[in-house]
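J.: Have a look at the structure that comes next, please.
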Amino acid sequence: MPDPRLRPDEATRRPSDTTPTTGFVEPVGSHASVILVLCCGGLLASFLATALVPVAGSIGDQLGVSATSGAWALTSTFLAAAASTPIAGRAADLVGERRVLTALVLIMAAGSIISAVSDDLAPMVAGRTLQGCGAGVIPVGMSVIRRVLGPERMATGASTMSVAVGLGGGAGLPLAAWVIEDFGLSMLFWGAGCVALLLGVAFRVALAPDASRPRESFDAIGAVGVVVLLLCGLIPVAQGARWGWTSPPVLGLLGAGALTAVIWVPYELRRRWPLVDIRAARMPVIVVANLCSALVGVMYMLGTLTASHLLQTSAVPPFSGMGQSTLTAGVLLTPGGLSMLVSTPLAARLIRLTNVSATLMAAAVVAGTGFVLLLLWHAAAWQVSAAMTVVSAGVGMAMTATPVMISSSTAAGRMAAAQALNVVARFGGTAVASALVVAVLDAFGDGPVPGVPAESAYCALFTIGTALAVVICGLAACTRRWTGKGFITT
379 MPDPRLRPDE
389 ATRRPSDTTP
399 TTGFVEPVGS
409 HASVILVLCC
419 GGLLASFLAT
429 ALVPVAGSIG
439 DQLGVSATSG
449 AWALTSTFLA
459 AAASTPIAGR
469 AADLVGERRV
479 LTALVLIMAA
489 GSIISAVSDD
499 LAPMVAGRTL
509 QGCGAGVIPV
519 GMSVIRRVLG
529 PERMATGAST
539 MSVAVGLGGG
549 AGLPLAAWVI
559 EDFGLSMLFW
569 GAGCVALLLG
579 VAFRVALAPD
589 ASRPRESFDA
599 IGAVGVVVLL
609 LCGLIPVAQG
619 ARWGWTSPPV
629 LGLLGAGALT
639 AVIWVPYELR
649 RRWPLVDIRA
659 ARMPVIVVAN
669 LCSALVGVMY
679 MLGTLTASHL
689 LQTSAVPPFS
699 GMGQSTLTAG
709 VLLTPGGLSM
719 LVSTPLAARL
729 IRLTNVSATL
739 MAAAVVAGTG
749 FVLLLLWHAA
759 AWQVSAAMTV
769 VSAGVGMAMT
779 ATPVMISSST
789 AAGRMAAAQA
799 LNVVARFGGT
809 AVASALVVAV
819 LDAFGDGPVP
829 GVPAESAYCA
839 LFTIGTALAV
849 VICGLAACTR
859 RWTGKGFITT
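Under the working numbering, think of the first position of the sequence shown as 379, with each following residue one higher.
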């Protein structure tokens, strides 16, 4: 019997149906070349999102503004990524992945060039916002990978994209720190702009022209609504610690977000072709996948920011092995990014041998073990580096599992939009983590040495990371209740 929750055109369509409903054409290049250029796009997007993390504390001085104002050069990228990704995903479903991917990397190139020639805050934030808009290459790339490889090999493709995203956001930190220290901030953005332009050419060459698409209208009002909703929700989270959680701007934005949600959700439910398919998004499996992605984003960024802050803490007891430079701290965190090279293919193999739910549980156990190690041993730089390597390995496994969980439960014609919502959840998690780290460090204050955070603040953050891993493991285990075979399979 058809599911009454689905629209008539989807009532008889299986989520795992490999037949494209959007006129997909086989790629011009080999599958390997297509995967390569898509992964390069994901790597560049994640690299640009975190490129200013090594200089987050000094970017205000470089732009001649306060540290609070300078933080917008980093925050604006995450906000733009979260707000634009659902639009990019739905646009890809409607007009074709090749067109959208090319447009996204050109937007990234424009943003990089604007940032490269900027000496003031306003143009820098504008450029960084455009760079954030390019994050849509990740979910759109996942959609192409699923069509090219099919659901039976989706885990392999997802693991490869996860490696690229992990390397860009993790191993890219020391590269960004080195370029900024030795060549300057503008050179970093000039280089990123050139890479983005080359990727635009690569997408045009490797991907076949988009074939005919379904005759569905783009939900412009829904797009405006989702942008307003996300911004009203994420800006207070990102700036609450600086503005004050009960300040008028924070309360006003949260109130505006709640009002927008009350209007937007019923509107989307009435639309024949909504920007966000809320009926599908509220399926238990999809809810768990997106919630786990958000928690993984919190966990990874919380660990990375806390470890980076700890490594640069003054070398005083109990942190006798710290006092590292920005570049050295980035190098010490590099093994974490490299561990994803091992863990993500391992996760893909584990999904094939068992199932995606069990793999997500294993990922949570690995990441939780890393946070326990950080909680117990964090007095020396090598201890922090080793423990973060374990955390990153678990995060890499989770970043492989959640897109596969989405893919196994989504109709082919909505794949890019569904993956986009998953990426939004992850970016939202990173925004929450940034605010959480600042709030916890401020709440605990300095330790015995003025200017050096109390050890209990770091322990609290590592405890939160452990708790998040436990929650993710529990959520993954709960999926057995919603499938006849016990766990979600691909």
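Glycine included, C-beta positions come from ideal geometry on N, C-alpha and C.
Keep in mind the model is a prediction, meaning the values are calculated, not measured.
Report all residues from its chain with a CB closer than 7 Å to the CB of residue 852; omit the five preceding and five following residues, and keep chain order.
T.: Closer than 7 Å at the Cβ level, and outside the excluded window around residue 852, lies no residue.
J.: Taking the C-alpha atoms as reference points, what is the distance between residue 849 and residue 560?
T.: Approximately 42 Å, taken between the alpha carbons.
J.: Give a yes or no on whether the C-beta atoms belonging to residue 517 and residue 600 are separated by under 8 Å.
T.: Not a contact, by the Cβ cut-off of 8 Å.
J.: Can you check which of these residues, 574, 493, 553, is closest to residue 487 by C-alpha distance?
T.: When each option's Cα is compared against that of residue 487, the closest is 574.
J.: Using the DSSP secondary-structure output, state which residues sit across from residue 824 in a beta bridge.
T.: Beta-bridge pairing links residue 824 to 831.
J.: For the region 774-787 against the region 721-735, do three or more pairs of beta-carbon atoms, one drawn from each stretch, fall closer than 8 Å, so that the two count as touching?
T.: Cβ pair count under 8 Å is three or more, so yes.
J.: Of all the alpha helix (DSSP H) runs that stay within the bounds of the region 637-713, which reach a length of 4 or more residues?
T.: Within the region 637-713, the complete alpha helix (DSSP H) runs of at least 4 residues are 656-659, 662-689.
J.: Return the CA-CA distance between residue 501 and residue 491, expressed in angstroms with no decimal places.
T.: If I take the Cα positions, the gap works out to 10 Å.
J.: Are the region 750-763 and the region 493-500 in contact at 8 Å, needing three or more beta carbon pairs?
T.: Touching, no, given that fewer than three Cβ pairs across the two stretches are closer than 8 Å.
J.: Going along the chain, which unbroken runs of the alpha helix (DSSP H) with 4 or more residues stay wholly within the region 415-456?
T.: Runs found: 437-441, 445-448.
J.: What runs of the beta strand (DSSP E), each 3 residues or longer, lie entirely inside the region 515-566?
T.: Entirely contained in the region 515-566, not one beta strand (DSSP E) run reaches 3 residues.
J.: Can you tell which of 569, 648, 612, 620 has the C-alpha that lies nearest to the C-alpha of residue 633?
T.: Closest by alpha carbon: 612.
J.: DSSP state of residue 798, grouped into three classes?
T.: Looking at residue 798 - three-state DSSP - the assignment turns out to be helix.
J.: Can you tell me where the alpha helix (DSSP H) with residue 737 in it begins and where it stops?
T.: Looking at the DSSP string, the run of the alpha helix (DSSP H) that includes residue 737 is 734-754.
J.: What does residue 803 pair with, by DSSP beta-bridge criteria?
T.: According to DSSP, which records beta bridges pairwise, residue 803 is partnered with nothing at all.
J.: Apply the 10 Å Cβ neighbour rule to residue 437 and answer buried if 16 or more other Cβ atoms are within range, or exposed otherwise.
T.: Under this definition residue 437 is a buried residue.
J.: Let's see if you can read the secondary structure: which residues bound the alpha helix (DSSP H) around residue 760?
T.: Where residue 760 is concerned, the enclosing alpha helix (DSSP H) stretches over 759-785.
J.: Assuming residue 542 contacts residue 417 under a Cβ cut-off of 8 Å, what Cβ separation, rounded to an integer in Å, is found between them?
T.: Rounded, the Cβ-Cβ distance is 4 Å, consistent with contact.
J.: Given a cut-off of 8 Å, decide if residue 837 and residue 753 are closer than it, judged by their beta-carbon atoms.
T.: Cβ distance < 8 Å, so residue 753 and residue 837 count as in contact.
J.: On the premise that residue 718 lies in contact with residue 544, defined as a C-beta separation below 8 Å, what is that separation, rounded to the nearest angstrom?
T.: Their Cβ separation, rounded to whole angstroms, is 4 Å, which keeps residue 544 and residue 718 in contact under 8 Å.
J.: Rounded to whole angstroms, what's the CA-CA distance from residue 558 to residue 703? Just pull it up for me.
T.: Whole-angstrom Cα-Cα distance: 13 Å.
J.: Using three-state DSSP, classify residue 507 as helix, strand or coil.
T.: Residue state, collapsed to three classes: helix.
J.: DSSP three-state call for residue 788: helix, strand or coil?
T.: Correct three-state label for residue 788: coil.
J.: Along the chain, where does the alpha helix (DSSP H) that runs through residue 484 open and close?
T.: Where residue 484 is concerned, the enclosing alpha helix (DSSP H) stretches over 475-494.
J.: On the three-pair Cβ rule with 8 Å, is the region 640-648 touching the region 840-849?
T.: As far as the Cβ criterion goes, the region 640-648 does not touch the region 840-849, which means the pair count is below three.
J.: Quick one: measure Cβ to Cβ for residue 811 and residue 680, integer angstroms, because I've assumed they're closer than 8 Å.
T.: That pair is a contact at about 4 Å.
J.: Going by DSSP, what residue range makes up the alpha helix (DSSP H) through residue 607?
T.: Residue 607 -> alpha helix (DSSP H) spans 598-621.
J.: Please identify the residue among 526, 524, 466 whose C-alpha is closest to the C-alpha of residue 514.
T.: Nearest C-alpha to residue 514: 466.
J.: To the nearest angstrom, report how far apart residue 326 and residue 731 are at their CA atoms.
T.: Nothing can be reported for residue 326: it is not among the residues displayed for the chain, which extend from 379 to 868.
J.: Quick test of the definition: if touching needs 3 or more C-beta pairs under 8 Å, does the region 680-690 touch the region 821-828?
T.: Taking 8 Å as the limit for Cβ pairs, the verdict is that the region 821-828 does not touch the region 680-690.
J.: Since residue 778 and residue 456 are thought to touch, with beta carbons under 8 Å apart, how far apart are those beta carbons, to the nearest angstrom?
T.: Between residue 456 and residue 778 the Cβ distance is about 22 Å, and since that is not below 8 Å, they are no contact.
J.: Would you tell me roughly how many angstroms separate the C-alpha atoms of residue 856 and residue 784, rounded to the nearest one?
T.: Each residue's alpha carbon lies about 16 Å from the other.
J.: How close, in whole Å, do the beta carbons of residue 512 and residue 523 come, if the pair is a contact with beta carbons under 8 Å?
T.: No, residue 512 and residue 523 are not in contact; Cβ-Cβ is about 18 Å, not under 8 Å.
J.: Exposed or buried, residue 413, counting other C-beta atoms within 10 Å across all chains shown (16 or more means buried)?
T.: So residue 413 ends up on the buried side.
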